[in-house]
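Q: The listed protein sequences derive, respectively, from chains B and H.
So the first sequence is numbered by my numbering: it starts at 2 and just counts up by one.
So the second sequence is numbered by my numbering: it starts at 154 and just counts up by one.
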Amino acid sequence: NAGVTQTPKFQVLKTGQSMTLQCAQDMNHNSMYWYRQDPGMGLRLIYYSASEGTTDKGEVPNGYNVSRLNKREFSLRLESAAPSQTSVYFCASSEVQDYRGYTFGSGTRLTVV
Amino acid sequence: RKEVEQDPGPFNVPEGATVAFNCTYSNSASQSFFWYRQDCRKEPKLLMSVYSSGNEDGRFTAQLNRASQYISLLIRDSKLSDSATYLCVVILWGDSSYKLIFGSGTRLLVRP
Numbered sequence: 002n003a004g005v006t007q008t009p010k011f012q013v014l015k016t017g018q019s020m021t022l023q024c025a026q027d028m029n030h031n032s033m034y035w036y037r038q039d040p041g042m043g044l045r046l047i048y049y050s051a052s053e054g055t056t057d058k059g060e061v062p063n064g065y066n067v068s069r070l071n072k073r074e075f076s077l078r079l080e081s082a083a084p085s086q087t088s089v090y091f092c093a094s095s096e097v098q099d100y101r102g103y104t105f106g107s108g109t110r111l112t113v114v
Numbered sequence: 154r155k156e157v158e159q160d161p162g163p164f165n166v167p168e169g170a171t172v173a174f175n176c177t178y179s180n181s182a183s184q185s186f187f188w189y190r191q192d193c194r195k196e197p198k199l200l201m202s203v204y205s206s207g208n209e210d211g212r213f214t215a216q217l218n219r220a221s222q223y224i225s226l227l228i229r230d231s232k233l234s235d236s237a238t239y240l241c242v243v244i245l246w247g248d249s250s251y252k253l254i255f256g257s258g259t260r261l262l263v264r265p
């Protein structure tokens, strides 16, 4: 099925550990996004990539890095995880000409202890 | 001030009721608007776009008031399956892409 695939679905980290969240889309979309969702805060944009080879900061980029590996893949890295990064992370993709908004992945539930 | 504000609810309504949600946005440059639906522990999914002239999709009606910078969603004849969180979304366009700005959502509970 066409869509956005995120891995892993669940992860528990210890404070200070690092990890990379993976995201891949097979819809040939140019733009990809990483959001985090916390209770009462809605979805907040961490980083986005308007096209292959470009990345830009969103609303809450501190503590994260991203890599647009190719057109399909956009990864999010936590270099030194902190409890404040406990959240649900969603990857999404879109096409500028498509006014239907984003297609989201199913999310990664991350707990930092 | 949040860019997109919604009443978090929950709105608790009986089956068959009509319920309306409002959403306000602060950036007058916002150019496009959506309502997304999010089920518990799932990803958000597009419910409908919002057009200036207002639009309907079955039991759902969306309205936009640019002058007052608010968006509304009306659900008629509520079903149990309508229970979810409804996210108001505005688009900000850049040179080669766009960003969606999400409200924190309004939770709807439809009871038998």
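All C-beta atoms, glycine included, are put in the ideal place defined by N, C-alpha and C.
Since the structure is predicted, the reported quantities are computational estimates derived from the model, not experimental observations.
#1: Hey, could you find the ends of the beta strand (DSSP E) D230 (chain H) is sitting in?
#2: Who does K58 (chain B) pair with in a DSSP beta bridge?
#3: Does any residue of chain H bring its CB to less than 7 Å from the CB of S107 (chain B)?
#4: M42 (chain B) touches chain H at which residues, Cβ-Cβ below 7 Å?
#5: Less than 6 Å between C-beta atoms, sequence neighbours within five positions excluded: which residues of the same chain meet that for K72 (chain B)?
#6: Considering Cα atoms alone, identify which of H:S236, H:L261, H:I228, H:F255 is closest to S150 (chain H).
#7: Roughly how many angstroms lie between the CA atoms of E196 (chain H) and M33 (chain B), to the nearest whole one?
#8: Can you list the residues of chain B that E196 (chain H) reaches, using a CB-CB cut of under 8 Å?
#9: Would you mind sorting T55 (chain B) into buried or exposed? The rule is 16 or more other CB atoms within 10 Å of its CB.
#10: Assign Q184 (chain H) to one of three DSSP states: helix, strand, or coil.
#11: Would you kindly check if the distance between the Cβ of T109 (chain B) and the Cβ of V5 (chain B) is under 7 Å?
#12: Given 8 Å as the limit, is there contact between the stretch 33 to 42 of chain B and the stretch 169 to 182 of chain H, that is, 3 or more CB pairs closer than that?
#13: Residues of chain B with CB closer than 7 Å to the CB of F187 (chain H), please, in chain order.
#14: Measure the alpha-carbon distance for I224 (chain H) versus C241 (chain H) and round it to whole angstroms.
#15: Is it true that the stretch 204 to 212 of chain H meets the stretch 69 to 85 of chain B, where meeting means three or more beta-carbon pairs spaced less than 8 Å apart?
#16: Any idea if D235 (chain H) is buried or exposed, counting beta-carbon neighbours within 10 angstroms, 16 or more meaning buried?
#17: With a threshold of 6 Å on Cβ separation, who are the neighbours of E158 (chain H) within its own chain once the five nearest residues in sequence on each side are excluded?
#18: To test your reading of the DSSP string, which unbroken beta strand (DSSP E) runs of 3 or more residues are found completely within the stretch 187 to 220 of chain H?
#19: In chain H, which residues lie less than 9 Å from L46 (chain B) when you measure between Cβ atoms?
#20: From this set, B:C92, B:A83, B:Q7, B:S94, which residue's C-alpha is nearest V114 (chain B)'s C-alpha?
#21: Please list the partners that V242 (chain H) has in chain B, where partner means a Cβ-to-Cβ separation under 8 Å.
A: According to the structure shown:
#1: Neither: D230 (chain H) is in no beta strand (DSSP E) and is coded neither H nor E.
#2: B:Y48
#3: yes
#4: S257
#5: E53
#6: Because chain H in this structure spans residues 154 to 265, residue 150 (chain H) falls outside the shown range and cannot be described.
#7: 15 Å
#8: F91, F105, G106, S107, G108
#9: exposed
#10: coil
#11: no
#12: no
#13: G102
#14: 8 Å
#15: no
#16: buried
#17: T177
#18: 198 to 203, 208 to 210, 213 to 218
#19: K252, L253, I254, F255
#20: B:A83
#21: G102
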